[in-house]
Every structure is written in C-alpha cells, then in structure tokens.
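Here is the structure we will look at.
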Amino acid sequence: MESLSEYMERALFNSIYGFYENESLEDHFITPSTLKTRYHEFLIKWIIKNNFRSILELGPGSARFASALKTYSDLSYLGVDRSKNTINRLKEQFKEYSHVSFSNDTVDSYDCIFVQEIFDCCPVNICEYFDDKIFEWMRDSDGSIKKSQLTNSRLEEYAKRLKKSRSISEESFCFVDVEPHQHLITWLFKRTRQYCVIVDYGQQEPQYSQLLGNHSPVRAFRNHQLFHNQWNNPGQYDLTYDVNFTNLSEQWIALGGRVNYFASLAEFLIEKLDWHQIDPFSQERMLFDPRQLGSVFSVLILSKA
Ligand SMILES: C[S@@+](CC[C@H](N)C(=O)[O-])C[C@H]1O[C@@H](n2cnc3c(N)ncnc32)[C@H](O)[C@@H]1O
C-alpha cells in the first residue's frame, strides 16, 4: 500500500513516465492560460504598472506566459519547472531571448512570482472525517482505495474546523490534507521581494468544494475528459483538486507575510488588470463568465509585510 501523495508524486513527476515529463505540451483542461485571449498581455501591463523588473514563474509548463514576454527585453523572466524534459525543451525554444531563462530550481529572489495551476497538483493525501475519527485513504497495488484510521490531532482539528466553517450536516466527508502546501509557500516566501500571485481552481474555506461526501477531491483529466480511475495508470492523467486559498493565506501570514488581495478571476481581471472590454471574436468571455472560469478560478496576491 502507498499513500496517495506518494502515488501523485510518481504519477505526475516520475522522471520516466510521470505525466508532466511527457504530456505538458498538451492542454488537458481549460485554464486562463490555455484560452485564446489577451490574458498574458494584461498581466504584463500590470507588471509594468507596478514597476516589477524581475519575474519568476513557477511551473511554466507550455510557456505561454514566457512567449508573451518575448518582446519585453526590459523585464527579466525565470521559469522554474520541476520537469527536466520541460526545462531542456524550453531552454532550446527560447535560446535567442537572453531576458528569458529556465531552470529546475533557484535560490535567487524576484520582484514578483506567478504561480498558476501549481497548488492544484501538489501531491497530497486525502482524509475522511467520519464519526469524529480521521481515516487516511491509501492506495492498494490494484489501484483500489483502502482506509486506515489515523490518530493525528492536527488533522482532527483541521477537519473539525472545515466542518464548522461549512456548517456541514453530513456525517462523513473527504478533505485534502494541506500540509504539503507549507513547503511550497515557504519556498515562495523566500524568493519573493514584493508580490506572489497565485491563480488556481478553488475558493476560500467556507465554500470549500473539496468536501465532497465520499467522492475523491482529486480529479483525473486527459484531453478535456474527466476520468474516474484516478488511482490507476500513473502518468496517463493530469491530476487536480480545488485549492483551499484560506489555508494558503494563513500559511503565508504565519511566515510574516501579508494578504494583499483575494477575489474571483473575473473580479481580478476587472479590478486589478483594468480589463473592461471583451474581444467578441476571442474566448475572453469564458474568463469573465461566472459559470465558467470567472468564478471557479480564484486569485490570491500575497506580499511581504
Ligand atoms: C498544470 S501545468 C502549469 C500550468 C502553467 N503554469 C500555465 O499557466 O499554463 C504543470 C506544469 O507545472 C510544473 N510543476 C508542477 N508542480 C510544480 C512545482 N511544485 N514546482 C515547479 N514546477 C511544477 C509541471 O512540471 C508542469 O510543467
């Protein structure tokens, strides 16, 4: 048996068969970056307005943001991606642009960091709250889920808080153990000079949609199709879950940082990016539509105190 975070780690990041080592060039579900819109143009205007000079992007993947920055040689951009194949491919693709570079890691700090659809695939464990007890989901070698009871006071407290914040009446629900996000938040805190912009699926805790009865909060996508065998065929599916933004904010504040802004994607585009007119011949409407990306995506801006 293995934990689900161990499974997610190898399914997404294994150096030979991991999904992101092989598949990141394709789009498997719709995000603000994958639509044909002026999204990156507006982000760049915001960067310039704020006088940011150095930009770090965590998980550039297919490098759409970096492509939009090609003509902005006054800005220096580093894309840090865990995938070695991705970094090698992007280094080759952008070799003529000296202000755009890529690496598997960095210790330097940057004016602003962009983290788009990264927390939603950070390997995590799934727990179940039932009868005032916590059970961790484990994966058996055939891909089936087994549940083992935990005595972990941190998780018990967290589950009780989630239950209270949603006024859940159900006897049992599942939730993502957000502890692994702490490592990523600390990494970002050390490397940001001013802002860290997080864009992802998910909401604040009261609407926390990871509490899904007995259904897995982790979803499996491939070619825009949702599959239900997320614990089988490692490397075949992109795995994703809704991010708990309240938790990210709390972890940031605990490090001494400040929450600058939190809103739905549509609000962010209007209020922060000053985007007031939709190009009718593009897919921009989907970014603003509350039934589509406009509200299912949220944006959190964290700053140094
Ligand atoms: C879902 S995509 C990110 C999408 C991209 N940011 C965009 O806007 O199109 C996944 C990419 O992020 C990378 N990635 C995922 N988690 C990461 C992490 N913790 N650190 C660095 N790269 C990561 C993967 O290797 C993959 O190339």
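Under the working numbering, the sequence shown is numbered contiguously, ending at residue 628. By construction, the Cβ of each residue, glycine as well, lies at the ideal position given by its N, Cα and C atoms.
Classify residue i as buried or exposed, calling it buried when 16 or more other Cβ atoms lie within 10 Å of its own Cβ.
| i | result |
| --- | --- |
| methionine 461 | buried |
| aspartate 597 | exposed |
| valine 430 | exposed |
| tyrosine 524 | buried |
| glutamate 594 | exposed |
| proline 383 | buried |
| glutamine 548 | exposed |
| phenylalanine 604 | exposed |
| threonine 394 | exposed |
| threonine 474 | exposed |
Taking the continuous alpha helix (DSSP H) assigned at residue i, which residues delimit it?
| i | result |
| --- | --- |
| tyrosine 433 | Taken as a continuous stretch (DSSP letters only), tyrosine 433 belongs to no alpha helix (DSSP H), being part of the beta strand (DSSP E) at 433-439. |
| methionine 609 | 607-611 |
| isoleucine 457 | Premise fails: isoleucine 457 lies in the beta strand (DSSP E), 456-462, not in any alpha helix (DSSP H). |
| phenylalanine 550 | First-last for phenylalanine 550: 548-550, but that is the beta strand (DSSP E), not the alpha helix (DSSP H). |
| threonine 569 | 568-577 |
Give the secondary structure of residue i by DSSP, where H, G and I count as helix, E and B as strand, and everything else as coil.
| i | result |
| --- | --- |
| asparagine 411 | helix |
| aspartate 660 | Residue 660 lies beyond the stretch modelled for the chain, which goes from 324 to 628, so this question has no answer here. |
| isoleucine 508 | helix |
| glutamine 472 | strand |
| tyrosine 330 | helix |
| arginine 484 | helix |
| phenylalanine 388 | helix |
| glutamate 502 | coil |
| isoleucine 378 | strand |
| alanine 589 | helix |
| serine 626 | strand |
| tyrosine 343 | helix |
| lysine 368 | helix |
| asparagine 373 | coil |
| leucine 401 | strand |
Output needed for residue i: all residues of its chain with C-beta closer than 8 angstroms, excluding positions within five of it in sequence on either side, in chain order.
| i | result |
| --- | --- |
| phenylalanine 550 | Ala543, Phe544, Tyr560 |
| asparagine 583 | Tyr518, Ile624, Leu625, Ser626 |
| aspartate 602 | Thr360, Arg361 |
| asparagine 337 | Glu344, Pro557, Gly558 |
Residue i lies in the beta strand (DSSP E); which residues open and close that run?
| i | result |
| --- | --- |
| serine 618 | Counting along the chain, serine 618 falls outside any beta strand (DSSP E), though it belongs to the alpha helix (DSSP H) covering 616-619. |
My assumption, with CB atoms under 8 angstroms, is that residue i sits in contact with residue j. Please give the rounded CB distance.
| i | j | result |
| --- | --- | --- |
| arginine 484 | aspartate 434 | Contact doesn't hold; Cβ gap of about 35 angstroms is too wide. |
Looking only at its own chain, which residues have a Cβ that is under 6 angstroms from the Cβ of residue i, when we skip the five neighbours before and after it?
| i | result |
| --- | --- |
| serine 572 | Val582 |
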